[in-house]
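Keeping their order, the protein sequence lines are chains C and G.
Under my numbering, think of the first position of the first sequence as 225, with each following residue one higher.
Under my numbering, think of the first position of the second sequence as 301, with each following residue one higher.
C-beta: ideal position from N, C-alpha, C; glycine also.
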Amino acid sequence: AQSVSQHNHHVILSEAASLELGCNYSYGGTVNLFWYVQYPGQHLQLLLKYFSGDPLVKGIKGFEAEFIKSKFSFNLRKPSVQWSDTAEYFCAVNLNTGFQKLVFGTGTRLLVSP
Amino acid sequence: GAGVSQTPSNKVTEKGKYVELRCDPISGHTALYWYRQSLGQGPEFLIYFQGTGAADDSGLPNDRFFAVRPEGSVSTLKIQRTERGDSAVYLCASSSTGGTGELFFGEGSRLTVL
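Laid out in structure tokens, this is it:
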């Protein structure tokens, strides 16, 4: 079955540190890729998405992600994190079914200390 | 409000009882999704509605789970003979289109089965 792996379950960083969260998926066909974020006490919201074209995509709040097809990866990055980035981050894959039947990873909890 | 609304936000019930969870999507959104998020996991797809019809219900775990969207707006997820394993956060999301539209999630209904 298709799956999404997020290897870092908990990450603790100081403000201004750089962030990279790993995401790998197991599916050989065409995929659409997403990162969703859930801030404490809030609903899931879209951070960024990749459908096609430039494999380096930029999202909100200074986040970016790079799709590397050969590695089946879609890692999330931010050069300098802020305390307000404390949240849970989910990578998700859509198998291009024509609607948003997403397969999510287990999530990474990021804690940024001020 | 402008977002996806889910009620109740919390529901505690006893094993064997019947439960209904309601989702009010963003006005005008034709696509509606139910996902389930168990503790320590990412959301898992349950069912997708396009308009009034369930276009894909392959994620429903068994026949105790059923969902309706009779007028193409509000949706109700119904769980019969609840079991302790049904305890989870049930997420509703809506989208203006089927394939590439951003999913807008509600805050979820937390179901606890004692």
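DSSP three-state call for Ile284(C): helix, strand or coil?
Position 60 of the first sequence, counting from 1, holds the residue named residue 284(C). Ile284(C): helix per DSSP, three-state reduction.
At the level of alpha carbons, what is the spacing between Gly316(G) and Ala316(C)?
Counting from one through the second sequence, the residue named residue 316(G) turns up at place 16. Counting from one through the first sequence, the residue named residue 316(C) turns up at place 92. Approximately 33 Å between the Cα atoms of the pair.
First through last residue of the beta strand (DSSP E) which encompasses Ser305(G)
Taking the second sequence and counting its residues from 1, the one referred to as residue 305(G) is at position 5. Where Ser305(G) is concerned, the enclosing beta strand (DSSP E) stretches over Ser305 to Thr307.
Taking Cβ-Cβ distances shorter than 9 Å, what residues in chain C pair up with Gly340(G)?
Along the second sequence, one-based indexing puts residue 340(G) at 40. Result: His233, Thr330 and Gly331.
Once you ignore the five residues that flank Arg384(G) on each side, which residues in its own chain have a CB closer than 7 Å to its CB?
The sequence position of residue 384(G) within the second sequence is 84, counting from 1. The residues are Lys315 and Val413.
Counterpart residues of His234(C) in DSSP-defined beta bridges:
Working through the first sequence from its first residue, we reach residue 234(C) at position 10. DSSP lists Arg333(C) as partners of His234(C).
Going by DSSP in three states, Asp386(G) sits in which element: helix, strand or coil?
On the second sequence, residue 386(G) is found 86 positions in, with the first residue counted as 1. Note: Asp386(G) maps to helix in three-state DSSP.
Interface partners of Lys325(C) on chain G, CB under 7 Å
Walking along the first sequence from the start, residue 325(C) turns up at place 101. By Cβ distance, chain G contributes Phe345, Tyr348 and Asp356.
Nearest candidate by alpha-carbon position, reference Ile379(G), set Pro343(G), Leu411(G), Gly342(G) and Phe405(G)
Position 79 of the second sequence, counting from 1, holds the residue named residue 379(G). When each option's Cα is compared against that of Ile379(G), the closest is Leu411(G).
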